[in-house]
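See below for the structure under consideration.
Residue numbers (this note's numbering), protein chains in the order written: chain A, 400 to 589; chain B, 39 to 579.
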């Protein structure tokens, strides 16, 4: 039987095993990429979108965008949107505010993670400015209004009439990015 | 001194071959494929009873609503351990044990290609499971997040013992990878001259494909638990949203391993059944080529359906549809297999010895499990069925009456060959019928519990589910007691006083190299590689 010797075949298979171990780690960026393309799990709204200068406002359609907030693990924060919802034409830009207050009694770094439903609308809701792009450092008792500047891409499927933008606020202590420890970008102190 | 005499005594006995060493050293240092196969099988048998007792404890707790026996925390540990032990400690080692015993004997090889590696791959297992089971005796809970160990249950909220779990998974993974490596090299390089790929016994084919599945996905599982370890101790955040990770990513990586894993658990079993049904139908296997291709197609499709475990995690519609259709497509090659088994039975002169009974039981009930699988594959239906007892019923039909029944069938089929003693047929029949009754009484009502809305992994339930849960518990005990009949047969065959000595071809309808050697199989077989002439090849298939 022609073919590889036991030793060579074993080494080839071992190389395959090592590759597959590496592949499991390769799945991490791969997953991010796919999610960003598809807008899954808020991956597409965690960084600033670029605005097409030729974007037309489609006044024939109106989409209602709801806002909702969740505190992960019930951290002692006030965190809510100042409007429950807004109406928006595709292509139009809107500014809305979220309010946050640190009631934990200590300084804390938090990170808001966005999520959009329905899933098929996710990649059409785009933000040019958001407090969720970076971590936010809050002094004890500090309060802030945090703006979100967003628009809905006019390419959005016709059947979508409502979108929900949800934020979950996570305690990011232990995961502070050193340079941004005192990062306070994208908010107005109250 | 005595050892030398014994060894030389066996010299005379076994035409110039060394017999096994005496005492514990034989088992610790053995490189003999039959010894290692035996070790795997006994390990698996012990784990079957350990995992079985846990299942019974779970069923006792579910006998009535409210607390019966244990608090919810302990209940969670029992379901987790039961799942891990049955999958990694029973089915996988049992199949590896059968592979070790049978593959060299089926392809006419003297031993496995890498015998020392073989020893290591077995001996990793007892240590891995000691590590895992030791968590039950530690302060604080044992792993309690389900066998799927989803993040963040196992990362942020995992008990301290999770680290023991992680390292035991690493060791089991290493063991499986080494075993798979060995099997691939053996099948590639050690087939008897003249044995072409399309003359391999179907069990060998099944294991070859399974070995490739193992080599591809066990490293992914290792990567998955390594990421967990890093998240738990080294401040990474693969799965932690607070640090920029994503818990859904865990599910993708886990099920990228997890779905091929279910085919790892069943494909060798398909092979066993494909050897047993022709023997007791006294007909060659119907559609051998289709059986082989179907195995390969199932394995390939197994890689691209993992997301059907996560339809409700917010995937885009296109992805859900793709995974739904790909999943349903698996019914085609599986259907071919079931059709061919039935085709083999058709007009055969069938007898119903215990291995055949288990094979037929498998055929009927695995198909049922396949149908509930098809129901779960449908996206809109899955939204309703997911995480309910319907899922529990489904995967127990394919794992108990699927994988476990194939293993039991295989053990009954080859036990006379291994030990040279015939098992007690009456006890075997009792074992089968009690198992079938127990299994159906346990798991059939779970379909309806699930459809009625009873969630899985919950130690307590709403009052209206009580009757069916009590039926399930009774069935579970029938099934548990049935396995004592199995234990009896094993003990009698392995350690009984009955004189050994059966014809080489134990079953007169059996074909293949393994039946050309005496029973019990001598310690060393096929030291002179057999040639496969074309006449023999014709006789074989």
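Beta carbons: idealized from backbone N, C-alpha and C, even for Gly.
Query raised in the report: What does residue 281 of chain B reach in chain A if we use C-beta pairs closer than 7 Å?
Result: As a position in the second chain, residue 281 of chain B is number 243, starting the count at 1. Scanning chain A for C-beta atoms nearer than 7 Å to the C-beta of residue 281 of chain B yields 571 and 574, reported in chain order.
Requested in this report: Would you verify that the beta carbon of residue 352 of chain B is, or is not, closer than 8 Å to some beta carbon of chain A?
Outcome: For the purposes of this step, residue 352 of chain B is taken as the residue at position 314 of the second chain. Cβ-Cβ to chain A under 8 Å: yes for residue 352 of chain B.
Requested in this report: Taking only beta-carbon positions, decide if residue 243 of chain B is within less than 8 Å of chain A.
Outcome: For the purposes of this step, residue 243 of chain B is taken as the residue at position 205 of the second chain. Residue 243 of chain B has a beta carbon lying at 8 Å or more from every beta carbon in chain A.
Query raised in the report: Name the chain B residues that come within less than 8 Å of residue 519 of chain A, Cβ to Cβ?
Result: The residue labelled residue 519 of chain A in the question sits at position 120 within the first chain. Those within 8 Å of residue 519 of chain A in chain B are 354 and 355.
Query - Any chain A beta carbon closer than 8 Å to residue 178 of chain B - result: Your numbering for residue 178 of chain B matches position 140 in the second chain. The beta carbon of residue 178 of chain B does not come within 8 Å of any beta carbon belonging to chain A, so the residue lies off that interface.
Query raised in the report: To the nearest angstrom, how far is it from the Cα of residue 533 of chain A to the Cα of residue 510 of chain A?
Result: Locating residue 533 of chain A in the first chain gives position 134, where the first residue counts as 1. Locating residue 510 of chain A in the first chain gives position 111, where the first residue counts as 1. If I take the Cα positions, the gap works out to 7 Å.
Query - Boundaries (first-last residue) of the beta strand (DSSP E) holding residue 473 of chain A - result: Start at 1 with the first residue of the first chain, and residue 473 of chain A comes out as number 74. Secondary structure note for residue 473 of chain A: it is in no beta strand (DSSP E), with a DSSP letter that is neither H nor E.
Query raised in the report: Quick one: Cα of residue 176 of chain B to Cα of residue 212 of chain B, how far?
Result: In the second chain, counting from the first residue as 1, residue 176 of chain B sits at position 138. In the second chain, counting from the first residue as 1, residue 212 of chain B sits at position 174. C-alpha of residue 176 of chain B to C-alpha of residue 212 of chain B: approximately 25 Å in a straight line.
**Report entry** Collapsed DSSP secondary structure at residue 331 of chain B in the structure displayed
**Finding:** Looking up residue 331 of chain B in the second chain gives position 293. Residue 331 of chain B falls in the helix class under three-state DSSP.
**Report entry** For residue 506 of chain B, three-class secondary structure by DSSP
**Finding:** Counting from one through the second chain, the residue named residue 506 of chain B turns up at place 468. Helix at residue 506 of chain B.
Query raised in the report: For residue 561 of chain A, which beta-bridge partners are listed by DSSP?
Result: Here residue 561 of chain A is taken as the residue at index 162 of the first chain, counted from 1. Bridge partners of residue 561 of chain A: A/463.
Report task. Taking a Cβ distance cut-off of 8 Å, strictly less, list which residues of the segment 265-291 of chain B are near chain A, in chain order. Result -> Of all residues in the segment 265-291 of chain B, 265, 273, 275, 276, 278, 279, 280, 281, 282, 284, 286, 287, 290 and 291 have a Cβ within less than 8 Å of some Cβ in chain A.
**Report entry** Identity of the residue in B/122, B/561, B/271 and B/98 nearest residue 437 of chain B by Cα
**Finding:** Here residue 437 of chain B refers to the residue found at position 399 of the second chain. Ranked by how close their Cα comes to the Cα of residue 437 of chain B, the residues B/122, B/561, B/271 and B/98 have B/122 in first place.
**Report entry** Where residue 318 of chain B falls: helix, strand or coil (DSSP)
**Finding:** Working through the second chain from its first residue, we reach residue 318 of chain B at position 280. Reduced to three states, the DSSP call for residue 318 of chain B is helix.
Report task. Consult DSSP for residue 302 of chain B and reduce its assignment to one of helix, strand or coil. Result -> Here residue 302 of chain B refers to the residue found at position 264 of the second chain. DSSP places residue 302 of chain B in helix when its eight states are reduced to three.
Query raised in the report: So, helix, strand or coil for residue 67 of chain B, using DSSP?
Result: Position 29 of the second chain, counting from 1, holds the residue named residue 67 of chain B. DSSP places residue 67 of chain B within a helical segment (H, G or I) once states are collapsed to three.
Requested in this report: Please work out which residues of its chain come closer than 8 Å, Cβ to Cβ, to residue 595 of chain B, disregarding the five sequence neighbours upstream and downstream, and give them in chain order.
Outcome: Within the shown structure, residues of chain B are numbered from 39 to 579, placing residue 595 of chain B beyond reach of any answer.
Query raised in the report: Under 8 Å between C-beta atoms, does residue 50 of chain B make it to chain A?
Result: For this step, residue 50 of chain B is matched to residue 12 along the second chain. For residue 50 of chain B, the predicted model reports a pLDDT of 39, less than 50, meaning its position is unreliable; a value from the coordinates is still stated below. No, because no Cβ of chain A sits closer than 8 Å to the Cβ of residue 50 of chain B.
Query - Supposed contact pair residue 144 of chain B and residue 546 of chain B - C-beta distance, whole angstroms, cut 8 Å - result: Position 508 of the second chain holds residue 546 of chain B. Position 106 of the second chain holds residue 144 of chain B. With a beta-carbon spacing of about 18 Å, residue 546 of chain B and residue 144 of chain B fall beyond the 8 Å limit used to define contacts.
Query raised in the report: Which parts of the segment 228-300 of chain B are runs of the alpha helix (DSSP H), unbroken and 4 residues or longer, counting only runs that do not cross its ends?
Result: Counting only runs of 4 or more, we get 240-271.
Query raised in the report: So, helix, strand or coil for residue 40 of chain B, using DSSP?
Result: As a first step, residue 40 of chain B must be located in the second chain, where it is residue number 2. In this prediction, residue 40 of chain B has a pLDDT of 36, which is less than 50 and means its spatial position is unreliable; nothing more can be read from the coordinates.
Query raised in the report: Mind pulling the alpha helix (DSSP H) runs of 4 or more residues that sit fully within the segment 519-559 of chain B?
Result: At a cut-off of 4 residues, not a single continuous stretch assigned as alpha helix (DSSP H) sits fully inside the segment 519-559 of chain B.
Query raised in the report: Would you call the segment 76-94 of chain B and the segment 153-172 of chain B touching, i.e. three or more CB-CB distances under 8 Å?
Result: Counting C-beta pairs with one atom in each stretch, the segment 76-94 of chain B and the segment 153-172 of chain B have three or more that are closer than 8 Å, which means they touch.
Requested in this report: For the segment 390-398 of chain B and the segment 442-452 of chain B, state whether three or more C-beta atom pairs, one from each stretch, are separated by less than 8 Å.
Outcome: Put simply, the segment 390-398 of chain B touches the segment 442-452 of chain B. At least three CB pairs are less than 8 Å apart.
Report task. With DSSP collapsed to three states, give me the class of residue 186 of chain B. Result -> Locating residue 186 of chain B in the second chain gives position 148, counting from the first residue. Coil.
Query raised in the report: DSSP state of residue 407 of chain A, grouped into three classes?
Result: Your numbering for residue 407 of chain A matches position 8 in the first chain. Correct three-state label for residue 407 of chain A: helix.
Query raised in the report: Hey, would you say residue 340 of chain B sits closer than 8 Å to residue 297 of chain B, going by beta carbons?
Result: Stepping through the second chain from its first residue, residue 340 of chain B is reached at position 302. Stepping through the second chain from its first residue, residue 297 of chain B is reached at position 259. Yes.
Requested in this report: Output the boundary residues of the alpha helix (DSSP H) element that contains residue 447 of chain B.
Outcome: To locate residue 447 of chain B, count along the second chain from 1; it is residue 409. For residue 447 of chain B, the uninterrupted alpha helix (DSSP H) segment begins and ends at 443-457.
Query raised in the report: At a Cβ threshold of 8 Å, is residue 409 of chain A touching chain B?
Result: Sequence index remark: in the first chain, residue 409 of chain A carries index 10 (1-based). Residue contact check for residue 409 of chain A against chain B: a CB pair falls below 8 Å.
Query - Cβ contact (3+ pairs, closer than 8 Å) linking the segment 150-158 of chain B and the segment 560-568 of chain B - result: The segment 150-158 of chain B is not in contact with the segment 560-568 of chain B.
Requested in this report: Using beta-carbon positions only, say whether residue 588 of chain A and residue 543 of chain A come within less than 8 Å of one another.
Outcome: Within the first chain, numbered from 1, the residue matching residue 588 of chain A stands at position 189. Within the first chain, numbered from 1, the residue matching residue 543 of chain A stands at position 144. For residue 588 of chain A and residue 543 of chain A, yes; Cβs fall inside 8 Å.
Query raised in the report: Is residue 427 of chain B near residue 350 of chain B, with beta carbons less than 8 Å apart?
Result: Translated into positions along the second chain, residue 427 of chain B becomes position 389. Translated into positions along the second chain, residue 350 of chain B becomes position 312. At the C-beta level, residue 427 of chain B and residue 350 of chain B stay beyond 8 Å of one another.
Query raised in the report: What residues from chain A crowd round residue 226 of chain B, counting only those whose CB sits closer than 7 Å?
Result: Against the second chain, residue 226 of chain B aligns to sequence position 188. Per Cβ cutoff of 7 Å: 402 and 408.
Query raised in the report: Taking the alpha-carbon positions, what's the residue 274 of chain B to residue 285 of chain B distance?
Result: Along the second chain, one-based indexing puts residue 274 of chain B at 236. Along the second chain, one-based indexing puts residue 285 of chain B at 247. Roughly 13 Å between the two C-alpha positions.
**Report entry** Neighbouring residues, chain A, relative to residue 253 of chain B (Cβ below 8 Å)
**Finding:** Taking the second chain and counting its residues from 1, the one referred to as residue 253 of chain B is at position 215. Within 8 Å Cβ-Cβ: 412, 415, 416 and 419.
Query raised in the report: By DSSP, does residue 545 of chain A sit in helix, in strand, or in coil?
Result: Here residue 545 of chain A corresponds to residue number 146 of the first chain, with the count starting at 1. DSSP places residue 545 of chain A within a strand segment (E or B) once states are collapsed to three.
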